[in-house]
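Presented below is the structure to which this report refers.
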Ligand code: FAD
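Numbering (the numbering used here), first residue to last: 26 to 366.
Pasting the structure below:
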């Protein structure tokens, strides 16, 4: 992360629509940089329903959401987009000298672009944080919102909080790796898939998992300087406190979406969506386009297939800004081909 870059188009959001816009821009010989708050591409498809089949993608009678994302990433790859993942775009400003836009992220990356495509869907994804005082000091040291590498937890005492599929899957997965697994949930009943719930109870019966229910997270004790965790305190509904000795806390309370900064950039909005001119997907600011779920025009359908068409319209309109005065002859992909094909 960090550094300053120059490109034709900065794409905010690497969901299905942002990904397809990279392909469309590439076909028009426009270079792209793509920024996403998530550490991976795929937007809602990858973050919310990777294994669900989608039935209304033209030409695919049935395709799992993650498989669609893999195909879109492969389709974009020949055009060498530059990815800036795990970063939220926080600022948008105009470079008065050149008229270019400068997109800035929370990690200090700056991208100067002739045009900006906002494909930000329902907003930047981030984990729902439990409201524990001082939790930030332990994040990425003893508190993790996702498991990147199971081995990191070998021999550790792990507290997992949450009652959904992520909490259950990781409790089961880490049962043989961690030295202790404690699962905290505010209800005795878990919400996950029935087979996972059964497995969890079986592991609890074998003494491999300690079910701490009904309890809620209450506090953290340790050394905030080094991020070393010693104790997770939990409370029941009557306020009785239990102290659990632990090295690691994994809170799994789902993802939140934050449109946040985008709403402050001076774009014309309609109920948390960006108003666009449908023919070009242009917003109220020159050179800024919005496509996919975040874009709003009369009779808009929030579907992936509409987003694909919007990506084509927006990149063609952006081309006139990136290459002013250059005449373009419309060509089909069958005529033009793609690099390396
Ligand atoms: P998103 O997929 O929301 O991606 C936007 C990306 O932008 C996110 O990754 C986000 O992190 C990023 N972002 C936002 N703001 C920032 C910022 N400031 N900085 C950095 N990154 C940012 N649609 C269909 O067509 N067919 C279906 O069958 C279907 N089934 C669905 C099932 C479920 C359970 C759900 C939840 C949705 C379904 N949808 C379906 C809807 C479909 O997933 C969305 O229409 C689609 O994902 C929109 O794509 P997008 O690229 O516009 O936005």
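Cβ atoms here follow ideal geometry from the backbone N, Cα and C, with glycine treated the same way.
Excluding five sequence positions before and after residue 204, the CB atoms of its chain that fall closer than 8 Å to its own CB belong to 180, 181, 182, given in chain order. Residues 239, 240 of the same chain have their beta carbon placed closer than 7 Å to that of residue 261, with the five preceding and five following residues left out of the count. Inside the segment 74-153, DSSP marks whole alpha helix (DSSP H) runs of 4 or more residues at positions 90-101, from first to last along the chain.
Going by DSSP, residue 52 is part of the alpha helix (DSSP H) stretching over 41-52. The residue among 316, 349, 146 with its C-alpha nearest the C-alpha of residue 338 is 316.
Using a Cβ distance threshold of 8 Å, residue 60 and residue 128 count as a contacting pair. Checking the 7 Å criterion, the Cβ of residue 317 is within range of a heavy atom belonging to ligand 1.
Of the candidates 38, 83, 49, the residue whose Cα lies closest to the Cα of residue 62 is 38. Per DSSP, residue 314 is one residue of the beta strand (DSSP E) stretching across 313-315.
By the neighbour-count criterion, in which a residue is buried when 16 or more other Cβ atoms sit within 10 angstroms of its Cβ, residue 201 is exposed.
For residue 165, the closest of 307, 253, 53 by C-alpha to C-alpha distance is 253. Distance check between residue 66 and each of 79, 48, 95 places 95 closest, using alpha-carbon atoms only. Relative to residue 138, the option among 185, 49, 56 whose CA is nearest is 56. Pairing residue 256 with residue 140, the inter-Cα distance amounts to about 50 Å. The beta carbon of residue 150 sits closer than 7 Å to at least one heavy atom of ligand 1. In the DSSP secondary-structure assignment, residue 307 is bridged to 302, 314. One alpha carbon belongs to residue 296, the other to residue 148, and they sit about 13 Å apart. With a cutoff of 7 Å, residue 271 does not count as near ligand 1, since its C-beta is closer than that to no heavy atom of the ligand.
Taking one beta carbon from each stretch, the segment 278-290 and the segment 321-329 have fewer than 3 pairs nearer than 8 Å; the two do not touch. For residue 320 and residue 73, the gap between their C-alpha atoms comes out near 20 Å.
Taken from the Cβ of residue 73, at least one heavy atom of ligand 1 lies inside 7 Å.
Proximity of the beta carbon of residue 286 to ligand 1 is indicated: a heavy atom of the ligand is located closer than 7 Å. Excluding sequence positions up to five before and after residue 246, its CB lies within less than 6 Å of the CB of 255, 256, all in the same chain and listed in chain order. By the Cβ rule, the segment 215-229 counts as touching the segment 192-201, because three or more pairs are nearer than 8 Å.
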